[in-house]
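Numbering-wise, the working numbering puts 11 at position 11 of the sequence shown, and it's gapless, one number per residue. Encoded as structure tokens, the structure appears first; notes follow it.
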Amino acid sequence: QLITSLPGVPGGVSSLGFNMYSGYVNINEEHNTNYFYWFVESQRDPANDPVLLWMNGGPGASSLMGFFTEHGPFRPNADGTTLSLYEYSWNQIANIIYVEAPIGVGFSYSDDKLEYITNDNKTAAQNYEFLLNWFEMFPEYKSNDFYITGESYGGKYCPELAAEVLNGIQAGQTPWLNMKGIMVGNPGTESDWYGAPNEYAYLTFLYEHMIIPQPQYQAAYQACGWSDFLTNCDGVYTDPSVQCKEAIIAAIRYLPRELDAYDIYAPVCLDNPAAKQWTQYVSSWHPMSRYMPDNTTFYPCIDDYMTSYLNQASVQSAIHVNPTNWNYIGRIAYIHEYKYSVVPLWQRFIAETDWRILIFSGDVDSAVPTIGTQRWINCLGQPIVNDWRPWYYNNQTAGIRIDYEGISFQTIKGAGHMVPYYLPAQGYAFYETWLQEA
1 QLITSLPGVP
11 GGVSSLGFNM
21 YSGYVNINEE
31 HNTNYFYWFV
41 ESQRDPANDP
51 VLLWMNGGPG
61 ASSLMGFFTE
71 HGPFRPNADG
81 TTLSLYEYSW
91 NQIANIIYVE
101 APIGVGFSYS
111 DDKLEYITND
121 NKTAAQNYEF
131 LLNWFEMFPE
141 YKSNDFYITG
151 ESYGGKYCPE
161 LAAEVLNGIQ
171 AGQTPWLNMK
181 GIMVGNPGTE
191 SDWYGAPNEY
201 AYLTFLYEHM
211 IIPQPQYQAA
221 YQACGWSDFL
231 TNCDGVYTDP
241 SVQCKEAIIA
251 AIRYLPRELD
261 AYDIYAPVCL
271 DNPAAKQWTQ
281 YVSSWHPMSR
291 YMPDNTTFYP
301 CIDDYMTSYL
311 NQASVQSAIH
321 VNPTNWNYIG
331 RIAYIHEYKY
341 SVVPLWQRFI
351 AETDWRILIF
361 SGDVDSAVPT
371 IGTQRWINCL
381 GQPIVNDWRP
391 WYYNNQTAGI
401 RIDYEGISFQ
411 TIKGAGHMVP
421 YYLPAQGYAF
431 YETWLQEA
């Protein structure tokens, strides 16, 4: 499964200085269920550098979005057939596995149609099976430090997979797995996009950025009883009253149509078919969609260059996949568990392991607002080791970091939902620093 050639790579793959592998890992022989992965070796020292598993969110978003638009070694060009080398690739200092999960996402497939119906628990179990089988295919990496990383709905994927890993280690099944930590960006966890308490964080973010007017925000604040949201960690905000819902609707009606929910300062792609398709997909299950008036739509700015590139027959042959009409939106039926919090998993990791944990957050993301992320981390109640302080890039303030016992929180100033996509240099800088701190 070594990639020996890849269309559009400047100078050819032999000039890259690192190896790439891709193809399928079977996770269920009876149903011929297969995950697609793309593995890039470290540019520095693959034998000794850590191995990272990267998962995008959705649920149903391909991790090749992370590969081609965030921190992989290439960027697709506008012609849809060629690639450019990327100076902020994360594989400069780590080996990285990009996996398309669950089944039905990207090139991952099964002969059993029921495999395309999934949920958090099933996905976690299949992700774990993939991980074990991948290491059997690449046993030379079993002794490397290993990290689970991701973003967005990866806020569910990552800790749920990590729990499976911890169970295996504690049961003595995988003593060889050198698990070292977890890093997740703008994670759907609890009081954010992927949980019912989102209303406060979302509306407060919009109000503080002058997107909705003060009277309507104050009306919602009072009707919904949000005065103790940040301090009452036991508060239940999952079933808004009729008055609360009406006040939220009144405020949301002021939301501009042309607004990128993932980065409120980014331009929108009004004429991009791929962006419109993503918009329809997100709005079909976004918890806030129940409040949206009919004339309000999010338009995330997503290029379709990678879609054109990955649908070339020559590319699919080079990366060892079956002929597929590839799309970054998965063909899945996902049974959501929005009221399910993964905070207890983070509490377990802190109590039972010495893993390094970093939660990072682009602070102009309205989808998973930083204010909600900060709330659930504060509610963990961990002692502060290094207090709230700025971190810098090129001598400029690039965000804030605070280290608690067992977990760290870092913001990236001016970045959206997919931090490395919106601010590549800062996205590499914080990652490099955190990884080297080990």
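A virtual CB, placed ideally from N, CA and C, is assigned to each residue, including glycine.
Whole-angstrom C-beta distance between residue j and residue i, which should lie under 8 Å
i, j, result
"Ile357", "Ser408", "7 Å"
"Glu41", "Asn77", "About 24 Å; that fails the 8 Å criterion."
"Asn91", "Asp145", "Not a contact, Cβ separation roughly 15 Å."
"Tyr254", "Gln216", "7 Å"
"Tyr153", "Gly58", "5 Å"
Reference residue i, options the options, closest by Cα
i, options, result
"Pro46", "Pro73, Glu70, Asn95, Leu230", "Asn95"
"Tyr175", "Arg375, Ile371, Leu132", "Reading off the sequence shown, one finds Pro at residue 175, where the question assumed Tyr. The shortest Cα separation from Pro175 among Arg375, Ile371, Leu132 belongs to Leu132."
"Val364", "Ala415, Asp354, Gly66", "Ala415"
"Glu437", "Pro50, Gln243, Gly381, Ile103", "Pro50"
"Pro383", "Phe107, Pro369, Glu405", "Glu405"
"Gln218", "Thr231, Pro240, Cys244", "Cys244"
"Gly104", "Ala429, Tyr88, Gly60", "Gly60"
"Trp38", "Asn119, Thr373, Ala266, Pro73", "Pro73"
"Glu151", "Gly362, Gln222, Tyr221", "Gly362"
"Glu115", "Ser22, Glu29, Glu199, Leu83", "Glu29"
"Ala429", "Gly23, Glu87, Gly57", "Glu87"
"Ser22", "Asn32, Val9, Thr4", "Thr4"
"Pro424", "Ile252, Ser89, Gln1", "Ser89"
"Leu524", "Thr433, Met418, Ile412, Met306", "Because the chain spans 1 through 438 in this model, residue 524 falls outside it and cannot be assessed."
"Gly155", "Met55, Gln410, Asn119, Gln126", "Met55"
"Val368", "Met418, Asp304, Leu259, Tyr422", "Met418"
"Leu161", "Asn119, Ile335, Arg257, Arg375", "Asn119"
"Leu6", "Leu85, Asn48, Phe229, Gln126", "Leu85"
"Tyr422", "Ile182, Gly181, Val268, Asn394", "Val268"
"Tyr334", "Ala247, Ile117, Ile93, Leu53", "Ile117"
"Arg375", "Asp228, Leu53, Ala266", "Asp228"
"Asn121", "Asn394, Thr231, Tyr157, Gly106", "Tyr157"
Residue i versus residue j: straight-line alpha-carbon distance, rounded
i, j, result
"Ala261", "Ala171", "42 Å"
"Ser62", "Val99", "8 Å"
"Pro287", "Tyr202", "The pLDDT assigned to Pro287 is 47, lower than 50, so where the model puts this residue is not dependable; a value taken from the coordinates is nonetheless given after this. Those two C-alpha atoms are separated by around 11 Å."
"Arg331", "Ser110", "12 Å"
"Ser283", "Tyr147", "In this prediction, Ser283 has a pLDDT of 47, which is less than 50 and means its spatial position is unreliable; nothing more can be read from the coordinates."
"Val321", "Asp263", "33 Å"
"Ala313", "Pro323", "7 Å"
"Ser241", "Leu380", "27 Å"
"Tyr24", "Ala318", "13 Å"
"Phe68", "Ile377", "30 Å"
"Ile249", "Met210", "17 Å"
"Pro293", "Ile359", "Note that Pro293 scores a pLDDT of 42, beneath 50, so its modelled location is shaky; the value from the coordinates is reported in the next line. Approximately 33 Å between the Cα atoms of the pair."
"Thr81", "Ser14", "19 Å"
"Thr373", "Pro187", "8 Å"
"Cys224", "Tyr431", "38 Å"
"Ile97", "Thr433", "20 Å"
"Trp193", "Val184", "Unreliable positioning characterises Trp193 in this predicted model, as indicated by a pLDDT of 42, which lies under 50. A coordinate reading is not provided."
"Gln396", "Pro390", "9 Å"
"Gly8", "Gln316", "13 Å"
"Lys439", "Ile400", "For residue 439 there is no data in the structure shown, the boundaries of the chain being 1 and 438."
"Asp234", "Asp304", "43 Å"
"Phe138", "Gln1", "11 Å"
"Asp403", "Gly11", "43 Å"
"Gln222", "Glu199", "13 Å"
"Asp387", "Lys113", "50 Å"
"Leu53", "Leu64", "12 Å"
"Leu435", "Phe130", "24 Å"
"Ala266", "Glu140", "42 Å"
Cut-off 6 Å between Cβ atoms - residues of its own chain near residue i, not counting five sequence neighbours on either side
i, result
"Asn26", "Asn34"
"Glu164", "Ala124, Tyr128"
"Glu352", "none"
"Ser341", "Glu190"
"Pro420", "Glu70, His71, Gly427"
"Asn32", "Asp111"
"Phe135", "Lys142"
"Leu310", "Trp326"
"Tyr207", "Tyr217"
"Leu345", "Pro159, Ala163"
"Ser308", "Gly80"
Cutoff 8 Å; reference residue i; Cβ partners in own chain excluding five residues on either side
i, result
"Leu166", "Met179, Arg348, Phe349, Glu352, Thr353"
"Ile169", "Pro175, Leu177, Met179"
"Glu246", "Ala223"
Proximal residues to residue i (C-beta, below 7 Å), its chain only, five neighbours per side dropped
i, result
"Tyr392", "Ala398"
"Gly17", "Gln43"
"Ser108", "Asn34, Tyr35, Phe36, Glu100, Ala101"
"Thr204", "Ile371"
"Ala251", "Leu203, Ile212, Gln216, Tyr217, Ala220"
Residue i: CB within 7 Å of a non-hydrogen atom of the ligand PLP
i, result
"Ala261", "This structure does not include the ligand PLP; it has no bound ligands of any sort."
What are the start and end residues of each continuous alpha helix (DSSP H) run of 4 or more residues lying completely inside the segment 333-406, in chain order? Runs found: 343-352, 370-378.
If you scan the segment 98-176 from start to end, which runs of the alpha helix (DSSP H) of 4 or more residues do you find wholly inside it? Taken in chain order, the complete alpha helix (DSSP H) segments of 4 or more residues contained in the segment 98-176 are 120-137, 154-170.
Length-filtered (4 minimum) alpha helix (DSSP H) runs lying within the segment 201-258: 214-224, 242-252
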